[in-house]
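Undergrad:
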Amino acid sequence: MGGSREAKLDHALSALQAKSSEQDTLLQKIAAAMEASKTPVKAEMDPALKEETKKLLGQVKSGVEDHVKDFRGQLTNEVQRMFKEVGKLRDEKKSLQTDIAELMSFQAKHGGSSSGGSAK
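Now the structure itself:
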């Protein structure tokens, strides 16, 4: 039984190879004929296919626009969050600078040394 099955598969495979060979030859002939004619070939798309393509491209465009809108919103939120964080850091810096100025003023009033004299 296995031999018969293999024979059928081999026969089907050789038939497919022959068909493929025929198609390759036909395509080569068509390409050669088109090249020989040097006539520009204008391909007309089937109107139904054309309409379906437009519809599909419209859906893709809409999907892309939705993703861009979503990304823009996320980016806006992230930028706003970063601006708030930068504002907080600026306020902290200003506060630290004020604290340092007060400490230096206190040190100058009370005659403390800037070298940290008690540290060994």
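Count along the sequence shown starting at 1, add 17, and that's the number in my numbering.
Heads up, the beta-carbon is just placed ideally off N, CA and C, and yes, glycines get one too.
Name the two residues that bound the continuous alpha helix (DSSP H) containing Gly68.
TA: Looking up residue 68 in the sequence shown gives position 51. For the sequence presented, residue 68 should be read as Glu rather than Gly. First-last of the alpha helix (DSSP H) with Glu68: Pro64 to Lys126.
Undergrad: Rounded to a whole number of angstroms, what is the C-alpha to C-alpha distance between Glu109 and Lys126?
TA: Here residue 109 corresponds to residue number 92 of the sequence shown, with the count starting at 1. Here residue 126 corresponds to residue number 109 of the sequence shown, with the count starting at 1. C-alpha separation (whole angstroms): 26 angstroms.
Undergrad: Do you know offhand how far Val103's Cα is from Gln97's?
TA: In the sequence shown, counting from the first residue as 1, residue 103 sits at position 86. In the sequence shown, counting from the first residue as 1, residue 97 sits at position 80. Whole-angstrom Cα-Cα distance: 10 angstroms.
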